[in-house]
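Line order of the protein sequences matches chains A and B. Counting from 1, one number per residue, gives the positions in the first sequence under my numbering. Counting from 221, one number per residue, gives the positions in the second sequence under my numbering. Encoded as structure tokens, the structure appears first; notes follow it.
Number of protein chains: 2
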Amino acid sequence: MSPTTDAPRRRLSKARVLEAAIALADHGGLEEFGMRRLAQELGVVPMALYKHVANKEELVNAMIDIVFSEIEIPSSGLDWRSGLRRRAMSAREVLKRHSWAIGLMETASPGPANLRNHNAVMGCLREAGFSFQTAIHAYSVQDAYIYGFAMQEKTLGLQAPRDAGDAARRRAQTIRAHEEFPYLAEIAAKLSETGYDPATEFAWGLDLILDGLDQLLRAT
Amino acid sequence: MSPTTDAPRRRLSKARVLEAAIALADHGGLEEFGMRRLAQELGVVPMALYKHVANKEELVNAMIDIVFSEIEIPSSGLDWRSGLRRRAMSAREVLKRHSWAIGLMETASPGPANLRNHNAVMGCLREAGFSFQTAIHAYSVQDAYIYGFAMQEKTLGLQAPRDAGDAARRRAQTIRAHEEFPYLAEIAAKLSETGYDPATEFAWGLDLILDGLDQLLRAT
DNA sequence: ACCTGAACACCGTTCAAGT
DNA sequence: ACCTGAACACCGTTCAAGT
């Protein structure tokens, strides 16, 4: 209301809206994210946003393409395997940073950064010598793994018990698991000793897939 | 309002609420799904639902566990590879039927059907001779692939253009792709000839992963 | 050209009341 | 014991007005 709000009253712009939108979603997830809340963060009335973005859906699509632009593109300087490996590792890191984007990366109406990245991946495979059909398969299995792993990692990150009640419920569940679900009990017992590093876990599956593709390429 | 509403006025029960909820979500997706809309479908006032479920979140969790219960459990009668393969193929089919569940399967506080299935998968791997650590990796790569593929298939399913404007926009994009993104242009050109079957596409990547796991098992 | 205020048609959910 | 009605605190968005 008063001119002494904490947000500096610079002119609004699409870039500034997008930046604030991503910061808000990064911080609070998709549930906290909304037009009214975003306007508040920018020190502006909700309707001011609609001069810079058509609606919420268009805004989210633009945010998604910014996320895509942060993913490394397989450079033609590297061999196909290193290029794809770096791109996949980068994608996981980016999706960790912007975990609200995880369910939305595969949206209809892909943006330019999305197209650029996917074109480069497909190019990398074709130039390596994969047939068109095999390149399609290889492309599909990689992206499914990347997005699926990011999803798993996200919910694992939410496992941190929020309050004492949650923790107690979880403990009770673990005890029941001991009786009915011996193999889950083994996980609960051993994984807390070993620890669990998502980055190396991701790399293990990624290398399994890339090994498989490499064998296919050598066999032809 | 009048006693002649189309829904038969049988007594409400948690089972009846869940059944109607899944039917509604299957039909209209998560966006159409809501407490008020669900109540309307059951011919009841919104608040009547709250005697049978605590809130929307608890309701969705219960729905998710029903989805889990529809996924085949790897039977101990089969060899490990066939068991896991059948379970994965079944998971994809179930997620196709209930595509609203795709982002939510890996939720915190898993239900009993979830625990049962995951325990059986882990047991299948351990009994096949995989070490604990390798079994964890194998488990992770499979589920990441299954959920990631389901996500991709879901958005591919939404690609069907809704109106003429959409179709025109998509065509324009394809033309631009020809110039800037030759490898995407190749996909657009060739994939419409070949056709694309999600089930065989899914099996290709699944077999690549299972082959890799099989080689690991034989090497030890 | 850019921002605002009031309003509309929605949510999930609480609370006090009906039968 | 089960269902209802009115209300509360939210949404995204439209429309007419301000500067």
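Where is the CB? At the ideal position from N, CA and C, for every residue including glycine. The model shown is predicted, which means the values in this text are computed figures rather than measured ones.
Is A/Met63 close to chain B? Criterion is C-beta to C-beta, closer than 8 Å. Locating residue 63 of chain A in the first sequence gives position 63, counting from the first residue. Cβ-Cβ to chain B under 8 Å: no for A/Met63.
I'd like to know whether the C-beta of A/Gly195 is nearer than 8 Å to at least one C-beta of chain B. As a position in the first sequence, residue 195 of chain A is number 195, starting the count at 1. The beta-carbon of A/Gly195 is placed no less than 8 Å from the nearest beta-carbon of chain B.
Rounded C-beta distance between B/Leu426 and B/Arg305? I'm assuming under 8 Å. The sequence position of residue 426 of chain B within the second sequence is 206, counting from 1. The sequence position of residue 305 of chain B within the second sequence is 85, counting from 1. The Cβ separation is near 7 Å, so the contact holds.
Just verifying my parser: in three-state terms, what is the DSSP assignment at B/Pro381? Position 161 of the second sequence holds residue 381 of chain B. Caution applies to B/Pro381, whose pLDDT of 49 falls short of 50 and renders its modelled position unreliable; the model cannot decide the point.
Spatially closest choice to B/Gly248 from B/His318, B/Glu313, B/Ser233 and B/Ser295, by CA coordinates: Walking along the second sequence from the start, residue 248 of chain B turns up at place 28. The shortest C-alpha separation from B/Gly248 is found at B/His318.
Helix, strand or coil: how does DSSP classify A/Tyr196 here? The residue given as residue 196 of chain A occupies position 196 in the first sequence. Coil, per DSSP.
Drop a sphere of 10 angstroms on the beta-carbon of B/Val237, count the other beta-carbons inside from all chains shown, and report buried for 16 or more, exposed for fewer. Taking the second sequence and counting its residues from 1, one reaches residue 237 of chain B at position 17. By the neighbour-count rule (16 or more Cβ atoms within 10 Å), B/Val237 is buried.
Top-ranked residue by Cα proximity to B/Thr440, from B/Arg307, B/Gly377, B/Ala235 and B/Ala348: As a working mapping, residue 440 of chain B is identified with position 220 in the second sequence. Comparing alpha-carbon positions, the option among B/Arg307, B/Gly377, B/Ala235 and B/Ala348 lying closest to B/Thr440 turns out to be B/Ala348.
Helix or strand or just coil, what does DSSP make of B/Val264? Within the second sequence, residue 264 of chain B is the residue found at index 44, counting from 1. Looking at B/Val264 - three-state DSSP - the assignment turns out to be coil, as it is neither helix nor strand.
Could you check what DSSP says for A/Leu115 in three-state terms: helix, strand or coil? Stepping through the first sequence from its first residue, residue 115 of chain A is reached at position 115. DSSP places A/Leu115 in helix when its eight states are reduced to three.
Chain-ordered neighbours of B/Phe352 on chain A, where CB pairs are closer than 8 Å: Counting from 1 along the second sequence, the entry for residue 352 of chain B is found at position 132. Simply Glu186 and Lys190.
I'd like to know if the region 180-189 of chain A and the region 362-378 of chain B are in contact, where contact means that at least 3 CB-CB pairs between them fall below 8 Å. Taking one beta carbon from each stretch, the region 180-189 of chain A and the region 362-378 of chain B have fewer than 3 pairs nearer than 8 Å; the two do not touch.
Can you give me the start and stop residues for the alpha helix (DSSP H) that A/Ser99 sits inside? For the purposes of this step, residue 99 of chain A is taken as the residue at position 99 of the first sequence. For A/Ser99, there is no enclosing alpha helix (DSSP H), as DSSP marks it with neither H nor E.
With DSSP run on the structure shown, which of helix, strand or coil describes A/Phe132? Residue 132 of chain A sits at position 132 when you count from the first residue of the first sequence. Note: A/Phe132 maps to helix in three-state DSSP.
So, for B/Leu430: in the same chain, excluding its five sequence neighbours on each side, which residues have a beta-carbon less than 8 Å away from its beta-carbon? On the second sequence, position 210 is the one that residue 430 of chain B refers to. Closer than 8 Å at the Cβ level, and outside the excluded window around B/Leu430, lie Arg301, Leu304 and Arg305.
In whole angstroms, what is the alpha-carbon distance linking B/Lys447 and B/Met325? Within the shown structure, residues of chain B are numbered from 221 to 440, placing residue 447 of chain B beyond reach of any answer.
So, are the CB atoms of B/Pro294 and B/Ala340 less than 8 Å apart? Numbered from 1 along the second sequence, position 74 holds the residue referred to as residue 294 of chain B. Numbered from 1 along the second sequence, position 120 holds the residue referred to as residue 340 of chain B. Taking 8 Å as the Cβ cut-off, B/Pro294 and B/Ala340 qualify as a contacting pair.
Which whole-angstrom value is the C-beta distance of B/Leu436 and B/Thr354, which I expect to be below 8 Å? Against the second sequence, residue 436 of chain B aligns to sequence position 216. Against the second sequence, residue 354 of chain B aligns to sequence position 134. At roughly 6 Å, the Cβ-Cβ gap stays under 8 Å, so B/Leu436 and B/Thr354 are in contact.
Which residues in chain B have a C-beta closer than 8 Å to the C-beta of A/Arg126? List them in chain order. Against the first sequence, residue 126 of chain A aligns to sequence position 126. Correct list: Tyr403 and Glu406.
By how many angstroms is the C-alpha of A/Ala25 removed from the C-alpha of A/Ala203? To locate residue 203 of chain A, count along the first sequence from 1; it is residue 203. To locate residue 25 of chain A, count along the first sequence from 1; it is residue 25. Each residue's Cα considered, the two are about 27 Å apart.
Contact set between B/Ile366 and chain A, taken where Cβ atoms lie within less than 9 Å: Mapped onto the second sequence, residue 366 of chain B falls at position 146. Those within 9 Å of B/Ile366 in chain A are Ala144 and Gly148.
With 8 Å as the threshold, decide whether the Cβ of A/Gly77 is near any Cβ in chain B. Position 77 of the first sequence, counted from the start, is the residue given in the question as residue 77 of chain A. Chain B, which has no Cβ nearer than 8 Å to the Cβ of A/Gly77, makes this no.
Using a beta-carbon distance below 8 Å, is B/Ser289 in contact with chain A? As a working mapping, residue 289 of chain B is identified with position 69 in the second sequence. For B/Ser289, the closest Cβ of chain A is not nearer than 8 Å.
Skipping 5 residues on each side, what residues in its chain have a beta carbon closer than 6 Å to that of B/Glu373? Taking the second sequence and counting its residues from 1, the one referred to as residue 373 of chain B is at position 153. Answer for B/Glu373: Pro418, listed in chain order.
Can the beta-carbon of B/Ala308 be found closer than 8 Å to that of B/Ile366? For the purposes of this step, residue 308 of chain B is identified with residue 88 of the second sequence, where counting begins at 1. For the purposes of this step, residue 366 of chain B is identified with residue 146 of the second sequence, where counting begins at 1. Yes; because the gap between Cβ atoms is below 8 Å, this pair is in contact.
Tell me, please, whether the CB atom of A/Ile73 is closer than 8 Å to any CB atom in chain B? As a working note, residue 73 of chain A is residue 73 in the first sequence. Closer than 8 Å: no.
Along chain A, which residues have their Cβ under 7 Å away from the Cβ of B/Ser310? Counting from 1 along the second sequence, the entry for residue 310 of chain B is found at position 90. Neighbourhood of B/Ser310 in chain A, by CB distance below 7 Å: empty, with the nearest CB roughly 17 Å away.
Taking three-plus beta-carbon pairs below 8 Å as touching, is the region 62-74 of chain A in contact with the region 105-115 of chain A? Enough Cβ pairs lie closer than 8 Å, so yes.
Taking B/Ser360 as the query, report the chain A residues whose CB atoms sit under 9 Å from its CB, ordered along the chain. Position 140 of the second sequence, counted from the start, is the residue given in the question as residue 360 of chain B. Scanning chain A for C-beta atoms nearer than 9 Å to the C-beta of B/Ser360 yields Phe149, Gln152, Glu201, Phe202, Trp204 and Gly205, reported in chain order.
Tell me which residue opens and which closes the alpha helix (DSSP H) that B/Arg236 is part of. Taking the first residue of the second sequence as 1, we reach residue 236 of chain B at position 16. That run of the alpha helix (DSSP H) goes Lys234 to Glu252.
Which value, in whole angstroms, describes the spacing of the CA atoms of A/Thr4 and A/Ala21? Translated into the one-based positions of the first sequence, residue 4 of chain A becomes position 4. Translated into the one-based positions of the first sequence, residue 21 of chain A becomes position 21. Note that A/Thr4 scores 33 on pLDDT, short of 50, meaning its location in the model is unreliable; the coordinates nonetheless yield the value given after this. A straight-line Cα-Cα distance of about 22 Å links A/Thr4 and A/Ala21.
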